[in-house]
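Note sheet for the following structure.
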Amino acid sequence: MNPTIGLIRDWAASWGVPAALVPLVPFLLLLIVLYAVIGLAAYGAQRRWPRADKTIAFWLFVSPWLIGFCLFTVGPMASSVYVSLTSWDLITPPQFVGLANYSEAFQDPQVGQALKVTLLYAVISVPLQTALAFLVALLLNSELWGMRFFRTIWYLPSLVSGVAQMVLFLWVFNPQYGLANDVLAHFGIQGPGWFNDSSWALPTVILMSLWTVGGAMVIYLAGLKDVPTNLYEAAALDGAGPVRQFWHVTLPQLSPIILFNVLTGIIGSLQIFTQGFIAKGGPKDSLLFFVYYLYDNAFQNFRMGYASALAWILFVVILALTAVTLRGSAFAVYYETEMTRKRRRR
Amino acid sequence: MKKLLLPTAIAVLLAAGCATGNAPASNKAADNSGEISFSFWGTNSEAASLKAIAAAFEKANPGTKVTTNWIQADYEQKLQTSIAAGTQSTVMEISNTSLAGFAPSFAEQTVDPGKYVQPNISAAMQYQDKYYAMPFAAKPKVMAINTDAFKAAGVPLPSATTPLTLDAFKTIAAKLSHGDGKARVYGSSNLWYRGWLTAAGGGYYNADATACTFGDGTGVQTAQYVVDMQKNRYSPTSTDVQGQDQAQWFAAGRLGTFSDFGPWTVADFAKISKPNWTLVPVPGKGFPMEVDGLGIAKNASGKKLETAKKFVEFASTQQVAQDQLIQGNTALGVPIIAASTPTLEKVLPAERNLAAFTTALKSGEVGPSVAKEAQISGDAEKGMNSYTALGTGKDDVAKILPQLAEKCTQALKK
Numbered sequence: 001m002n003p004t005i006g007l008i009r010d011w012a013a014s015w016g017v018p019a020a021l022v023p024l025v026p027f028l029l030l031l032i033v034l035y036a037v038i039g040l041a042a043y044g045a046q047r048r049w050p051r052a053d054k055t056i057a058f059w060l061f062v063s064p065w066l067i068g069f070c071l072f073t074v075g076p077m078a079s080s081v082y083v084s085l086t087s088w089d090l091i092t093p094p095q096f097v098g099l100a101n102y103s104e105a106f107q108d109p110q111v112g113q114a115l116k117v118t119l120l121y122a123v124i125s126v127p128l129q130t131a132l133a134f135l136v137a138l139l140l141n142s143e144l145w146g147m148r149f150f151r152t153i154w155y156l157p158s159l160v161s162g163v164a165q166m167v168l169f170l171w172v173f174n175p176q177y178g179l180a181n182d183v184l185a186h187f188g189i190q191g192p193g194w195f196n197d198s199s200w201a202l203p204t205v206i207l208m209s210l211w212t213v214g215g216a217m218v219i220y221l222a223g224l225k226d227v228p229t230n231l232y233e234a235a236a237l238d239g240a241g242p243v244r245q246f247w248h249v250t251l252p253q254l255s256p257i258i259l260f261n262v263l264t265g266i267i268g269s270l271q272i273f274t275q276g277f278i279a280k281g282g283p284k285d286s287l288l289f290f291v292y293y294l295y296d297n298a299f300q301n302f303r304m305g306y307a308s309a310l311a312w313i314l315f316v317v318i319l320a321l322t323a324v325t326l327r328g329s330a331f332a333v334y335y336e337t338e339m340t341r342k343r344r345r346r
Numbered sequence: 001m002k003k004l005l006l007p008t009a010i011a012v013l014l015a016a017g018c019a020t021g022n023a024p025a026s027n028k029a030a031d032n033s034g035e036i037s038f039s040f041w042g043t044n045s046e047a048a049s050l051k052a053i054a055a056a057f058e059k060a061n062p063g064t065k066v067t068t069n070w071i072q073a074d075y076e077q078k079l080q081t082s083i084a085a086g087t088q089s090t091v092m093e094i095s096n097t098s099l100a101g102f103a104p105s106f107a108e109q110t111v112d113p114g115k116y117v118q119p120n121i122s123a124a125m126q127y128q129d130k131y132y133a134m135p136f137a138a139k140p141k142v143m144a145i146n147t148d149a150f151k152a153a154g155v156p157l158p159s160a161t162t163p164l165t166l167d168a169f170k171t172i173a174a175k176l177s178h179g180d181g182k183a184r185v186y187g188s189s190n191l192w193y194r195g196w197l198t199a200a201g202g203g204y205y206n207a208d209a210t211a212c213t214f215g216d217g218t219g220v221q222t223a224q225y226v227v228d229m230q231k232n233r234y235s236p237t238s239t240d241v242q243g244q245d246q247a248q249w250f251a252a253g254r255l256g257t258f259s260d261f262g263p264w265t266v267a268d269f270a271k272i273s274k275p276n277w278t279l280v281p282v283p284g285k286g287f288p289m290e291v292d293g294l295g296i297a298k299n300a301s302g303k304k305l306e307t308a309k310k311f312v313e314f315a316s317t318q319q320v321a322q323d324q325l326i327q328g329n330t331a332l333g334v335p336i337i338a339a340s341t342p343t344l345e346k347v348l349p350a351e352r353n354l355a356a357f358t359t360a361l362k363s364g365e366v367g368p369s370v371a372k373e374a375q376i377s378g379d380a381e382k383g384m385n386s387y388t389a390l391g392t393g394k395d396d397v398a399k400i401l402p403q404l405a406e407k408c409t410q411a412l413k414k
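Line by line, the protein sequences are chains Z and C.
With the first letter of the first sequence counted as 1, position 139 gets the number 139 in UniProt numbering; the numbers rise by one all the way through.
With the first letter of the second sequence counted as 1, position 96 gets the number 96 in UniProt numbering; the numbers rise by one all the way through.
As C-alpha cells, then:
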C-alpha cells in the first residue's frame, strides 16, 4: 500500500472512524484535494480571463465525470501499461522486464490459438447475428394482432445473464441427457458431443449466441419504424416492388443502424469471456477465447504483467478492426445529414 | 495570492503521497490494539464453524476482537489482490495445496508436530523446511457404499477398517453394475484420476516437487484402470456426470459406491435413509488428504501480531476450538488433535461408520505444495481431459501422459 494512504488510514482509525469506512477517508481527501486544484485553476482563469465564465462553468460542471474518468478509467489503463512491462505475481514486488511480456505473447502458441478462436467466433457469429436480428425485425415490423407478444418473446432471452445462459445451454447440449440430442434421436440422428467435442464446441457457442439477438432486433425495429413512409410511396409510384423497396429504401435507411450493430457486435464478440470461462477453455482449447486466456493468466496463474500485455494486444486488435470497419463503411453507409451538408457545400 | 499558497501546498503534498511505492503501511495505531481480522472461504456451515472459533477465542481472551471476513467465491484471487493492495486480513485461511504460492506473504510460524494426531498434518504447513501456517483442520476422504446394492448383488460388505485393493474394487464394481441407458446402475461413482493415482501408490509430483510423476508406470497404469472402468461402464464418464449431482445418483440407487466422500459430504448423506449406506476406507492407499491452516500476514506487527499468534494457536490446538469444526451434522474438516478427533464420529449413528474418517486421518497422505499449483496441474489436467478418455478425448494414455508429465516438469523448473 502507498505509505501516504497508509498514514491517512491509520490517522482515521485513531480518530475512531469505523473500520468499514476507513478506506473511504483517503479517497474523500483525494477528492477534496482535486477539487481544491480545480477550484484554484478556475479562480485563476476567472481572474485572468473575466469573459470566460461559460467555459469555466462548463469545466466545473463536467468535472465530476472527468475526475471519475481519470481515476477509474485512464488511471487503471495507464497503470496497466506499466504493469505490462513487469513480472508481477501480486505477492512479491513487481520486477521491470521491459518488453519481455509482449515478446513472449508473440511466441506463445496459446495466444495464437486464442486469437484464432476469438476471430473465428467474431467472423462467423457477427454476420449471423446481424442477419438474423434484421430478419426477425422485418418480420416483427408487421402490424398484425399479437405482434407485441412475439416482440417481447424474442427480446426476453437478452435479459438472461451470460453465466445463466451458459449453464442452461450446457444442459440443452448435454450429449447424454440434453434436449438437443433427445430431439435429434426422435429423427434417428445421433447427436454430436456439442461442448464435449473439440470440433463442435465453437459452432455450439455460435449457435447459442443466436439466442440473444433480441437486443439488436429491437434497435432494427426502432430503425424500421423511423423510415419515412413517403419514401416507400414514392418508390411504389416509380414501380418498385417489395424487393426493390427493401434494397433501395429500407437497407440504405437502416445502414447506419446496421453499422452500429456490426461495430458493437465485433467489439462484444472479441471480448467474449463467459462461455470460455464456464467451459474452462473447452476440449483441446477449442473455446480458448482471448479474454478468458487473459483472465486465466491474471487470476489463475497470477501473471499480472503478462495478462496486462495481453490486454493491450487485444486493445490494439479491437482498435484496428474497428478502424477498418469504419473506413470500409464509408462506401456502404448512407447518412442523410451528411448528404445535406455535402449538398449545402456544393 | 498568499491565500492560495496553503491549499496549493496541501494539494502538492497529497499528490506526492499518491505516487506508487512498495513500502508497507505503518499501521502503528491499529497494531497496538488486540483487534485482528480473519479471512476464510467456505459454505454457510463452514463459515459458521470458523465464526464460532473466532467467538470462542474472544471469550477466552477478553480484550481481543476478531473481525471475520467470509469470502464466498474466488477466495485465492481476492486474497492475492488484497495482498497486492496491502489490505489483507491479519489471519488468512490457506490449504496445503496453495501454501507455496502464498508463503512469501505469510509470517514464519513455530509449529509443534507433537500436538497433532499424525506428522503429515504439521508437515503439510511447511514450505522449504519452514512453517508458514498452523494447521487447524484435515479433510481426509472415505468411500460410501450402498449396502442394499451389495446385498442384492450377493457381494460381501468390505471391511470397515481395512481398504480394498484396487483390483478387488474393480471386481466389486463389475458385480454391482447393471442395466442400460439412463437407468444404468454403476458400481462406482466417476473416478477422480488424481485421487486414484495416490490410491495406487503413485503421485502427481515427486517428494520434493521437482518433477511431475503422473507419466510414470504407476501413473499410466492408473489412468488405464480409470479408462477401463469407464469403458466397461462400471463407472460413469465425465460426460455422463456433467451437470449431475452424484450424491443424488447415490440416493436414487444409481451408484454402488461413492468414492469422493469428504467431511463436508456428511450433511448431504445424513438425509439419505434409503438406500442404506455406510462408510469404508478408500481402496489402496487412499486419496490425498487436504490440510487447512491459518497463515499470519507478514506485515502484522505489535499487539496485532501477538493476538494473531494466540488466535492461530487457539484454533489449532485447543479442544474448545477444534470441537467447533463440527456444526450439527456437517463438518468443515476432521479435528486434528487427539481430544477432538472422535467428535465427528458421534454426528451420525455408529452403523454409518464415521470412524472411517478417523482411520483415514491417521494414515492420510499429503502431497508436496507447489508454487504455481493451479497453473501447472490445471494445464496437465486440461491436456488429460482433452486428449485422453480420462476426459472427452480418445488418445492412448500411455502416449499422452508421459508427454504431459514432461511439459509439467519443465513448468515446475521455470
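We treat Cβ as the ideally placed atom computed from N, Cα and C, and that holds for glycine.
For the C-beta of Ile83(C), the chain Z residues within less than 9 Å are, from N- to C-terminus, Leu90, Ile91.
Secondary-structure assignment with DSSP links Ser87(Z) through a beta bridge to Gln95(Z). Between Gln275(Z) and Val205(Z), the gap from beta carbon to beta carbon is short of 8 Å. When Cβ pairs closer than 8 Å are counted between the two stretches, the stretch 316-323 of chain C is seen to touch the stretch 331-342 of chain C, the count reaching three or more. By the rule that beta-carbons nearer than 8 Å mark a contact, Trp59(Z) does not touch chain C. Selection Val317(Z), Ser161(Z), Ser209(Z), Gln95(Z) evaluated against Leu270(Z) yields Val317(Z) as nearest (Cα-Cα). In this structure Thr86(Z) touches Gly305(Z) by the C-beta definition: roughly 5 Å separates them, less than 8 Å. Using a Cβ-Cβ cut-off of 8 Å, Ser386(C) counts as an interface residue toward chain Z, since at least one Cβ of chain Z sits closer than that to its own. Met125(C) carries a coil assignment under DSSP once its states are collapsed to helix, strand and coil. Secondary structure at Ala57(Z): helix, using DSSP grouped into helix, strand and coil.
For Ala54(C), same chain residues with a beta-carbon under 7 Å away, outside a window of 5 residues either side, are Phe38, Val66, Thr68 in chain order.
For Ala374(C), the chain Z residues whose Cβ falls inside 9 Å of its Cβ are Gln300, Asn301, Phe302, in order along the chain. Excluding residues up to 5 positions away in sequence, Tyr102, Ala105, Val111 lie with their Cβ nearer than 8 Å to the Cβ of Ile313(Z) in the same chain.
Contact with chain Z is found for Ser105(C), since one of that chain's Cβ atoms lies less than 8 Å from the residue's Cβ. Closest option to Leu207(Z), judged by alpha-carbon separation, among Ala45(Z), Leu231(Z), Phe173(Z), Ala235(Z): Phe173(Z). Annotated three-state conformation of Trp154(Z) is helix, per DSSP. Nearest in C-alpha terms to Lys346(C), of all of Asp323(C), Gly217(C), Lys298(C), Gly367(C), is Asp323(C). In this structure, the beta-carbon distance from Gly214(Z) to Leu156(Z) falls below 8 Å. Fully contained in the stretch 235-259 of chain C are the following alpha helix (DSSP H) runs of length 4 or more, in chain order: 246-251.
In the DSSP assignment, Asn44(C) falls within the unbroken alpha helix (DSSP H) covering 44-60. The alpha-carbon separation between Ala56(C) and Ile278(Z) amounts to approximately 39 Å. With respect to the 8 Å criterion, Phe261(C) and Met92(C) are not classified as neighbours on the basis of their beta carbons. In the DSSP annotation of this structure, the continuous segment of the beta strand (DSSP E) that includes Ile36(C) starts and ends at 35-40.
CA-CA distance, Asp292(C) to Asn96(C), rounds to 6 Å. When the beta-carbon positions are compared, Val227(C) and Leu401(C) stay at least 8 Å from each other. For Phe102(C), the nearest CB of chain Z lies under 8 Å from its own CB, placing it at the interface with that chain.
Exclusion of the five residues before and after Pro175(Z) leaves Asn181, Gly191, Gly193, Trp194, Asn196 as the residues of its chain whose Cβ lies within less than 7 Å of its Cβ. By the 16-neighbour rule on beta-carbons within 10 angstroms, Lys382(C) is buried.
When Phe315(Z), Thr73(Z), Pro256(Z) are compared, the shortest CA-CA separation from Tyr335(Z) is found for Pro256(Z). Interface with chain C (8 Å Cβ-Cβ cutoff): Pro192(Z) is excluded. In the pairwise beta carbon analysis, the stretch 299-306 of chain C is classified as not touching the stretch 176-183 of chain C: fewer than three pairs are separated by under 8 Å. With the rule of 3 Cβ pairs closer than 8 Å, the stretch 271-290 of chain C does not count as touching the stretch 43-54 of chain C. Just measuring C-alpha positions, the residue of Gly284(C), Lys78(C), Asp129(C), Asn276(C) sitting nearest Ser369(C) is Asp129(C). If you check the CB distance, Ala297(C) and Ser105(C) come in under 8 Å.
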